[in-house]
Amino acid sequence: MLQQILSRDNMERAYKRVTSNKGAAGVDGVETTDLREALDEQWPRIKAEIEEGSYNPQPVRRVEIEKPGGGTRPLGIPTTTDRLIQQAIQQVLGPVYEPEFSPYSYGFRPGKSAHDGVRQALSYINEGYTWVVDMDLKSFFDKVNHDYLMHLVSQRIFDKPLLKLIRRYLQAGVMCGGVVSPNRQGTPQGGPLSPLLSNILLDVLDKELESRGHRFVRYADDFSIYVGSRRAGRRVLASITRFIEEELKLEVNQRKSGVRKARNMELLGYSFYRGQGGYRLRIPPESLNRLKGKLREITRKTWSVSMSKRLKRLTAVCRGWVAYFQLADARKHLKQIDQWVRSRLRYCIWTQWKRVRTRYKALRKLGASHRNAYIWANTRKSGWHTAHSYVLTGTITNARLRKKGYNSLLDFYSS
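Using full-length UniProt numbering, the letters of the sequence shown correspond one by one to residues 1 to 415.
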């Protein structure tokens with residue numbers, strides 16, 4: 001199996017994947033753009049060491065990324081060379097495990113997505129399982145027991161040099177502030193192999209839930225179980241907590257876990273509400289506020305970029321956001337946000353027309369009458385007030401903004 005991993009075709013495929021994903025450099029500072037040059041010099045030695053069982057991965061670089069709800073999540077960034085090797089391992093091991101994984105596991109799997117998980121949850125709820133056992137694993141990626149995980153891997157993989165290499169990746173140190181610390185447990189997020197290893201471990205949980213006949217959805221370490229009553233939910237919460245802590249050697253976050261009505265919980269960024277014909281999906285207010293925060297930054301009048309660059313960035317954010325939240329009933333909210341964004345764009349344009357003469361000429365060019373152009377070019381009203389005035393909404397129209405390159409949230413939502 002190790003030779004299959006190190007084969008030229010597999011390594012080339014891994015190289016293309018790693019370089020297309022780009023990503024930050026690891027502790028050695030080698031960027032993906034410099035990876036080919038580094039491999040030309042070092043790959044014969046590295047390959048020989050892997051085959052001999054003497055290769056030692058470099059420590060991962062610890063970085064903290066902000067979580068949407070506040071706080072930070074630690075990431076471990078491997079070197080680009082180690083990302084390449086991990087990707088090559090994942091490409092060979094993935095097809096071995098994939099057929100055995102649960103159909104109700106949706107994270108980091110080919111042909112499955114967060115949308116599939118949300119749809120499945122909605123289906124359970126509309127079947128009448130409106131009580132949700134919402135479980136949170138405390139610092140999952142930092143708490144994985146190496147011995148237990150390697151025991152699970154060795155049940156399917158019998159190549160001893162490969163098993164040794166995987167364990168070394170698990171035990172590669174963590175560099176933070178120039179100091180390397182040993183890694184005695186956990187599988188740091190940030191490497192291509194980590195999602196597969198986490199699914200191998202949590203598949204034990206999936207199989208247990210299936211054997212008990214539970215309806216569940218799991219996306220990586222985020223999972224929920226759907227039951228018919230609060231009483232049933234409490235029983236399930238207690239018994240599954242015991243299983244996780246005793247069998248998987250993981251810790252359940254008691255503060256964040258609980259039994260909730262479907263309308264009071266969130267799943268993968270979506271929330272649920274009772275509408276006509278059953279439960280439907282909507283976007284939580286916190287997610288809408290985070291979106292407005294991003295759009296506010298892009299439409300700041302003090303951001304000194306061209307309007308075309310501003311609109312290009314705005315379009316990219318809107319497209320990506322709607323692509324994720326397209327399952328929700330959101331037309332009303334998106335329409336309101338679009339109106340707010342257009343007002344901010346008009347404010348930016350008005351601010352760029354700094355002089356009275358410039359404002360007059362621009363308004364006339366856009367079709368304003370001499371009288372209106374003169375009055376508004378000389379106005380003492382605030383820029384934000386002017387952005388909402390009939391003279392700007394009637395000249396810098398929605399159609400003109402679209403022609404300039406602004407595609408609204410509703411444009412993407414409706415397409």
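Here a beta-carbon is modelled for each residue, glycine too, at the ideal position from N, C-alpha and C.
State the Cα-Cα distance for the pair residue i and residue j, rounded to the nearest angstrom.
{"i": "Lys16", "j": "Gly23", "result": "13 Å"}
{"i": "Tyr270", "j": "Leu281", "result": "7 Å"}
{"i": "Asn199", "j": "Gln352", "result": "52 Å"}
{"i": "Ser20", "j": "Leu327", "result": "28 Å"}
{"i": "Asp28", "j": "Met175", "result": "11 Å"}
{"i": "Thr80", "j": "Arg300", "result": "36 Å"}
{"i": "Asp147", "j": "Val18", "result": "28 Å"}
{"i": "Thr33", "j": "Ser181", "result": "28 Å"}
{"i": "Leu366", "j": "Trp384", "result": "19 Å"}
{"i": "Thr397", "j": "Tyr324", "result": "28 Å"}
{"i": "Arg36", "j": "Gly26", "result": "15 Å"}
{"i": "Trp340", "j": "Leu392", "result": "14 Å"}
{"i": "Val63", "j": "Leu75", "result": "5 Å"}
{"i": "Leu248", "j": "Cys348", "result": "55 Å"}
{"i": "Arg263", "j": "Ile157", "result": "43 Å"}
{"i": "Pro188", "j": "Asp142", "result": "7 Å"}
{"i": "Tyr169", "j": "Leu201", "result": "16 Å"}
{"i": "Leu6", "j": "Gln171", "result": "21 Å"}
{"i": "residue 456", "j": "Val92", "result": "Nothing in the structure corresponds to residue 456, since the chain is present only between 1 and 415."}
{"i": "Leu197", "j": "Gly186", "result": "10 Å"}
Give the secondary structure of residue i by DSSP, where H, G and I count as helix, E and B as strand, and everything else as coil.
{"i": "Lys335", "result": "helix"}
{"i": "Phe158", "result": "coil"}
{"i": "Gly233", "result": "helix"}
{"i": "Tyr413", "result": "helix"}
{"i": "Phe101", "result": "coil"}
{"i": "Phe108", "result": "coil"}
{"i": "Val204", "result": "helix"}
{"i": "Ile65", "result": "strand"}
{"i": "Tyr406", "result": "coil"}
{"i": "Leu267", "result": "strand"}
{"i": "Gly213", "result": "coil"}
{"i": "Asp329", "result": "coil"}
{"i": "Gln185", "result": "coil"}
{"i": "Ser224", "result": "strand"}
{"i": "Gly293", "result": "helix"}
{"i": "Arg218", "result": "strand"}
{"i": "Gly177", "result": "coil"}
{"i": "Gly190", "result": "coil"}
Starting from residue i, trace the alpha helix (DSSP H) in both directions and tell me its first and last residue.
{"i": "Thr81", "result": "Thr80 to Tyr97"}
{"i": "Glu51", "result": "Leu35 to Glu52"}
{"i": "Asp142", "result": "Phe140 to Lys143"}
{"i": "Glu251", "result": "Premise fails: Glu251 is in no alpha helix (DSSP H) and is neither H nor E."}
{"i": "Gln277", "result": "Per the sequence shown, residue 277 should be read as Gly rather than Gln. That residue, Gly277, is in no alpha helix (DSSP H); it is neither H nor E in DSSP."}
{"i": "Val27", "result": "From DSSP, Val27 is part of no alpha helix (DSSP H); its letter is neither H nor E."}
{"i": "Ile5", "result": "Leu2 to Ile5"}
{"i": "Tyr390", "result": "Tyr390 to Thr393"}
{"i": "Trp353", "result": "From DSSP, Trp353 is part of no alpha helix (DSSP H); its letter is neither H nor E."}
{"i": "residue 431", "result": "In the structure displayed, the chain extends from 1 to 415; residue 431 sits before or after that span and is not available."}
{"i": "Arg377", "result": "A quick correction: the sequence has Ala, not Arg, at residue 377. His370 to Ala377 is the span of the alpha helix (DSSP H), which, as asked, contains Ala377."}
Near residue i, which residues of its chain fall below 6 Å by C-beta distance, leaving aside the five closest residues on each side in sequence?
{"i": "Ala121", "result": "Val217 and Leu267"}
{"i": "Lys294", "result": "Val317"}
{"i": "Asp159", "result": "Met1 and Leu2"}
{"i": "Tyr55", "result": "Glu49"}
{"i": "Pro195", "result": "Phe108"}
{"i": "Ser233", "result": "Position check: residue 233 holds Gly in this sequence, whereas Ser was assumed. The answer, listed in chain order, is Trp131, Val133, Val227 and Val259."}
{"i": "Met307", "result": "none"}
{"i": "Asn257", "result": "Looking at the sequence shown, residue 257 is not Asn but Ser. Correct list, in chain order: Met135 and Asp136."}
Less than 8 Å between C-beta atoms, sequence neighbours within five positions excluded: which residues of the same chain meet that for residue i?
{"i": "Met265", "result": "Val132, Asp134, Ser224, Ser271 and Phe272"}
{"i": "Lys261", "result": "Thr130, Trp131 and Val132"}
{"i": "Leu410", "result": "Arg331, Leu334, Lys335 and Asp338"}
{"i": "Arg167", "result": "His146 and Met150"}
On the DSSP letters alone, give me the boundaries of the beta strand (DSSP E) that residue i sits inside.
{"i": "Pro74", "result": "Thr72 to Ile77"}
{"i": "Trp303", "result": "Taken as a continuous stretch (DSSP letters only), Trp303 belongs to no beta strand (DSSP E), as it is neither H nor E."}
{"i": "Asp116", "result": "Run containing Asp116: none in the beta strand (DSSP E); it sits in the alpha helix (DSSP H), Ala114 to Asn126."}
{"i": "Trp131", "result": "Trp131 to Asp136"}
{"i": "Arg260", "result": "Gly258 to Lys261"}
{"i": "Asp9", "result": "Element bounds for Asp9: not the beta strand (DSSP E) but the alpha helix (DSSP H), Arg8 to Asn21."}
For residue i, which residues from the same chain have a beta carbon less than 7 Å from its beta carbon, with the 5 sequence-adjacent residues on both sides left out?
{"i": "residue 426", "result": "Residue coverage of the chain in this structure runs from 1 to 415, which leaves residue 426 outside it and unanswerable."}
{"i": "Tyr360", "result": "Ala373, Tyr374 and Ala377"}
{"i": "Leu193", "result": "Gln86, Ile89, Gln90 and Tyr169"}
{"i": "Lys47", "result": "Leu6"}
Taking 7 Å as the cut-off, is the C-beta of residue i nearer than that to any heavy atom in the ligand NAP?
{"i": "Leu163", "result": "Only the bare structure without any ligand can be found here, which leaves the ligand NAP out of the picture."}
Three-pair Cβ contact test at 8 Å for the stretch 235–249 versus the stretch 106–119 = no
Okay, do the stretch 283–293 and the stretch 129–138 touch, 3+ Cβ pairs below 8 Å being the bar?
-> no
Is the stretch 369–383 touching the stretch 326–336 in the sense that three or more CB pairs, one from each, lie closer than 8 Å?
-> no
Would you say the stretch 84–97 touches the stretch 206–216, given that touching needs at least three Cβ pairs under 8 Å?
-> No, they do not touch.
Should the stretch 158–173 be regarded as contacting the stretch 42–59, the criterion being three or more beta carbon pairs within less than 8 Å?
-> yes
Pair every Cβ in the stretch 401–412 with every Cβ in the stretch 297–315, then say whether three or more of these pairs are closer than 8 Å.
-> Counting Cβ pairs under 8 Å, three or more are found: they touch.
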